[in-house]
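Engineer: Residue numbers (the numbering used here), protein chains in the order written: chain P, 1 to 270; chain C, 1001 to 1270.
Even for Gly, the Cβ is constructed at its ideal location relative to N, Cα and C.
Questions regarding the structure given below will be posed in turn.
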């Protein structure tokens, strides 16, 4: 089953995708749903992020190929992506002014289907609604220079999600690919994860009662490259589909000038 | 004006507080509001967090007395608090199992009233709805031991907010006090902030279009102490009121056992 959220004629609906058409549904996305109209061609609607999460989490350093100088962690290393950065398929990734390097990070994203508190690793996957593609866009210089990753990971447009949610997949064995302007730049299998999807859900559920619609970006592989305006990034998860987003420059730059230069830390070597 | 959110008879409403009573309002909290009923005694309702933010941010290291070994930053150092941790006046702060030290952090919290993108420091305060009290509850060992502060700052119940929002205050000159079991343990003036409320809003607005209801916890002072079950923490902001929360132990402990001890980093000295 492929669950999409879309806008058509000014109205936002959930729908079930079959072939090249989508049938609107009403009811509870996480409970009983029923068709609420005739199928319409996918080409006639605008796909939106398939869910509006209450909580958007992401796991850092979760593929051996992405570790670099870091040591693998015996527990998932999570951070919060602000809900402001949720973005739709096709919507532009805006490179903020004052940031020198913005990278793509293609990821498998898990969508929670049922309230989920203190579940074991063994039971965790039974709380999943399905899976989608995500791009954990990352401003590297801010990620390195700031105390925490707020600007680095949660600037507006840094959380594209989609194109839809697919259920019934095995998250331990999915091919995950990213293409930059058509050229493959990331390729792994989700079985390479250091902490599995089930381990991530179980770990989070110890301190957070997860709600239906909450999502976890489950980590990226390899060494992602920098984006530039004009690029197009595609994230493809086997069995789900392709999430595609163009990259644009900031059209209204307002870089931060350090307001209190008297407080600027001394630079090394001076 | 004091704006509260409350539950009475199973119904959640916004209301305006005067003296010891609250008058329900209907309409847009951030636009035109009108009374929608008779005043009811505050003692007959249950106060809730006065707003349900789309985005909950917090500023680290923003009072000289809280810096410790850290250097003051020439820009606000922000992090995201997950929406899951939003908590109500009077609701218990739960000390998670497996965490050895949980601290209070009494803070002034600013509530955004109008959409706010790329605003200057000079204009920033015109986008404010008002102010409330917040407790940026912090699990110190997780904050230190994890890559990012997700568990340290966003475990469930770690974001009490309230008791209501007050407008018309000067955020550069408010007394801010925290009491632990009735004894004052934090006391500062918000004029001591390293980066002011206006600077924080302007800085965030460069990368996030803030929405009505978004909040920023603006930092804590001094060296907070550890909480223990049975404690009561009160945060008081001059001109706002008192946010009070009891502390309880985790009633259903499910500590994380490192699932993959083979991946545990070697300890120093071994």
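Which whole runs of the beta strand (DSSP E) in the segment 1097-1130 of chain C are 3 residues long or more, in chain order?
Structural biologist: Those beta strand (DSSP E) runs which fall completely within the segment 1097-1130 of chain C and span 3+ residues are 1106-1112.
Engineer: If I follow the unbroken beta strand (DSSP E) through residue 1011 of chain C, where does it start and stop?
Structural biologist: First-last of the beta strand (DSSP E) with residue 1011 of chain C: 1011-1018.
Engineer: With a cut-off of 8 Å, does the C-beta of residue 1227 of chain C fall near any C-beta of chain P?
Structural biologist: False, the Cβ-Cβ gap to chain P never drops below 8 Å.
Engineer: Expressed to the nearest angstrom, what Euclidean distance is found between the alpha-carbon atoms of residue 270 of chain P and residue 1070 of chain C?
Structural biologist: For residue 270 of chain P, the pLDDT reaches just 30, beneath the cut-off of 50, and the residue's location in the model is therefore unreliable, although a value from the coordinates is still provided. Computed Cα separation, rounded: 19 Å.
Engineer: Put residue 1183 of chain C into one of helix, strand or coil per three-state DSSP.
Structural biologist: Here residue 1183 of chain C sits in strand by DSSP.
Engineer: With DSSP as the reference, please indicate the residues paired to residue 135 of chain P in a beta bridge.
Structural biologist: According to DSSP, residue 135 of chain P bridges with P:106.
Engineer: Find out if the Cβ-Cβ distance for the pair residue 1105 of chain C, residue 1137 of chain C is shorter than 8 Å.
Structural biologist: Yes.
Engineer: Beta carbon of residue 273 of chain P, beta carbon of residue 205 of chain P: below 8 Å?
Structural biologist: The first residue shown for chain P is 1 and the last is 270, placing residue 273 of chain P beyond what the model contains.
Engineer: In chain B, which residues lie less than 7 Å from residue 6 of chain P when you measure between Cβ atoms?
Structural biologist: Among the protein chains of the structure shown, namely P and C, there is no chain B.
Engineer: Are the CB atoms of residue 1005 of chain C and residue 1050 of chain C nearer to each other than 8 Å?
Structural biologist: Yes; because the gap between Cβ atoms is below 8 Å, this pair is in contact.
Engineer: According to a CB-to-CB cut-off of less than 8 Å, which residues of the segment 53-78 of chain P neighbour chain C?
Structural biologist: From the segment 53-78 of chain P, only 54, 55, 57, 60, 61, 71, 72, 73, 74, 75, 77, 78 have a Cβ closer than 8 Å to chain C.
Engineer: Please check if any C-beta of chain P sits within less than 8 Å of the C-beta of residue 1249 of chain C.
Structural biologist: With 8 Å as the cut-off, residue 1249 of chain C does not count as an interface residue toward chain P.
Engineer: Within the 8 Å Cβ cut-off, does residue 88 of chain P reach chain C?
Structural biologist: With 8 Å as the cut-off, residue 88 of chain P does not count as an interface residue toward chain C.
Engineer: Buried or exposed: which applies to residue 1221 of chain C, given that a residue is buried once 16 or more other Cβ atoms fall within 10 Å of its Cβ?
Structural biologist: Buried, since its Cβ has 16 or more Cβ neighbours within 10 Å.
Engineer: Go through its chain and collect everything with a Cβ distance to residue 1184 of chain C's Cβ below 8 Å, but skip five positions before and after it.
Structural biologist: 1177, 1178, listed in sequence order.
Engineer: Provide the residue(s) that pair with residue 54 of chain P in DSSP beta bridges, ordered along the chain.
Structural biologist: The partner list for residue 54 of chain P (beta bridge, DSSP) is empty, contrary to what the question assumes.
Engineer: Just curious, the alpha helix (DSSP H) that residue 1211 of chain C is in, first and last residue?
Structural biologist: Run containing residue 1211 of chain C: none; DSSP gives neither H nor E here.
Engineer: Taking the alpha carbon of residue 112 of chain P as the point to measure from, which residue in P:208, P:24, P:253, P:188 has its own alpha carbon closest?
Structural biologist: Cα-wise, what sits closest to residue 112 of chain P is P:208.
Engineer: I'd like to know if residue 19 of chain P contacts chain C, where contact means its C-beta is closer than 8 Å to some C-beta of that chain.
Structural biologist: With 8 Å as the cut-off, residue 19 of chain P does not count as an interface residue toward chain C.
Engineer: Report buried or exposed for residue 1268 of chain C, applying the criterion of at least 16 other Cβ atoms within 10 angstroms of its Cβ.
Structural biologist: Below a pLDDT of 50, predicted positions are generally treated as unreliable, and residue 1268 of chain C, at 43, falls in that range; the measurement from the model is reported next regardless. Under this definition residue 1268 of chain C is an exposed residue.
Engineer: When you compare the CB of residue 128 of chain P with every CB in chain C, is at least one pair closer than 8 Å?
Structural biologist: Closer than 8 Å: no.
Engineer: Counting contacts by CB-CB distance shorter than 8 Å, is residue 1040 of chain C in contact with chain P?
Structural biologist: Chain P, which has no Cβ nearer than 8 Å to the Cβ of residue 1040 of chain C, makes this no.
Engineer: Output, in chain order, the set of chain P residues within a Cβ distance shorter than 8 Å of residue 1256 of chain C.
Structural biologist: The contacting residues are 75, 203, 206.
Engineer: Return yes when the Cβ of residue 163 of chain P is within less than 8 Å of the Cβ of residue 241 of chain P, no when it is not.
Structural biologist: Yes.
Engineer: Just the Cα atoms here: how many angstroms apart are residue 1256 of chain C and residue 194 of chain P?
Structural biologist: Approximately 16 Å, taken between the alpha carbons.
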